[in-house]
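A.B. asks:
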Amino acid sequence: MPKPEDAVEEFRSFRALYSELKMDLTTDAVLPFLIANDMDRAYPHLTILHKIYKTLPISSASAERSFSRLRLIKTYLRSCMDEARLSNLTLLCVERDIHIDKDKVVGRFATMKERRMKI
Numbered sequence: 001m002p003k004p005e006d007a008v009e010e011f012r013s014f015r016a017l018y019s020e021l022k023m024d025l026t027t028d029a030v031l032p033f034l035i036a037n038d039m040d041r042a043y044p045h046l047t048i049l050h051k052i053y054k055t056l057p058i059s060s061a062s063a064e065r066s067f068s069r070l071r072l073i074k075t076y077l078r079s080c081m082d083e084a085r086l087s088n089l090t091l092l093c094v095e096r097d098i099h100i101d102k103d104k105v106v107g108r109f110a111t112m113k114e115r116r117m118k119i
């Protein structure tokens with residue numbers, strides 16, 4: 001189990017290295033810099049923390065929108081569905097502005113396996 005002290009020590013070490021290099025790295029450039037210089041293994045906690053930082057929403061609006069959609073999907077009549085289905089339906093509802101090529105979906109489904117029963 002990783003300890004928070006390890007992450008703090010990694011940060012201090014990277015900060016010292018950063019000040020020695022005299023580079024002007026933005027927050028977005030830290031992770032590519034670590035990976036490009038094979039330093040992601042030397043600073044594993046810093047790499048993980050940066051990945052988490054990049055996925056955090058800027059505001060709580062997206063989380064609030066997700067919960068409001070979840071309330072629309074999970075009604076009294078649909079309360080018996082399992083977590084995987086509920087999660088997938090919520091994802092479809094929240095990310096509905098993504099364009100999906102229906103012809104590609106149908107083509108991929110058709111090539112997955114033969115569904116016709118042989119009599």
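Position 14 of the sequence shown, counted from 1, bears residue number 14 in full-length UniProt numbering, the numbering being contiguous throughout.
Virtual Cβ for every residue (Gly too), placed ideally from N, Cα, C.
#1: Tell me whether the beta-carbon of Leu-91 lies closer than 8 angstroms to the beta-carbon of Ile-73.
#2: Roughly how many angstroms separate the alpha carbons of Ala-110 and Arg-116, rounded to a whole number?
#3: Can you give me the C-alpha to C-alpha distance between Gly-107 and Lys-113, rounded to a whole angstrom?
#4: Quick check: the Cα distance between Asn-37 and Ile-52, rounded to an integer number of angstroms?
#5: I think Leu-46 touches Phe-11, with their Cβ atoms under 8 angstroms apart; what is that distance to the nearest whole Å?
#6: Check Leu-25 in the structure and name its three-state DSSP category.
#7: How should Val-8 be labelled, buried or exposed, when 16 other C-beta atoms within 10 angstroms of its C-beta is the threshold for buried?
#8: Roughly how many whole angstroms lie between the Cα atoms of His-50 and Val-30?
#9: Output needed for residue 132: all residues of its chain with C-beta closer than 7 angstroms, excluding positions within five of it in sequence on either side, in chain order.
C.D. replies: Considering the structure as presented:
#1: no
#2: 11 angstroms
#3: 11 angstroms
#4: 20 angstroms
#5: So it is a contact: roughly 6 angstroms between Cβ atoms.
#6: coil
#7: exposed
#8: 8 angstroms
#9: No answer is possible for residue 132: it lies beyond the span of the chain, which begins at 1 and ends at 119.
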